[in-house]
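Trainee: Numbering (UniProt numbering), first residue to last: 1 to 69.
By construction, the Cβ of each residue, glycine as well, lies at the ideal position given by its N, Cα and C atoms.
It should be emphasised that the depicted structure is a prediction, and the values quoted were computed from it without experimental measurement.
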């Protein structure tokens with residue numbers, strides 16, 4: 001999936017979308033298996049004067065440790 005689009009190439013308007021993969025979400029080896037979903041939010045490109053980057057997002061399912069008394 002692409003997260004950056006050059007305005008002059010109009011790659012965002014084409015299907016499939018054509019851009020660059022330059023926005024990343026990095027996870028450690030311990031966190032990576034907890035990934036439940038990830039993607040790019042293309043809706044922001046419909047806003048007035050949008051950025052040339054679309055937000056990348058990720059969901060993780062993790063259990064928080066409770067302190068021992």
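#1: Going by DSSP, name the residue or residues bridged to residue 38.
#2: Output needed for residue 22: all residues of its chain with C-beta closer than 6 Å, excluding positions within five of it in sequence on either side, in chain order.
#3: Can you check whether the CB of residue 32 is closer than 8 Å to the CB of residue 58?
#4: Excluding five sequence neighbours on each side, which residues of the same chain lie with their C-beta closer than 8 Å to the C-beta of residue 60?
Mentor: Taking the definition as stated:
#1: What you label residue 38 is simply residue 38 of the chain shown in a count that begins at 1. DSSP lists 58 as partners of residue 38.
#2: Counting from 1 along the chain shown, the entry for residue 22 is found at position 22. Around residue 22: 4.
#3: In the chain shown, the residue the question calls residue 58 occupies position 58. In the chain shown, the residue the question calls residue 32 occupies position 32. No. Outside cutoff.
#4: Translated into positions along the chain shown, residue 60 becomes position 60. Within the same chain, residue 60 has close Cβ partners 27, 31, 34, 35, 36.
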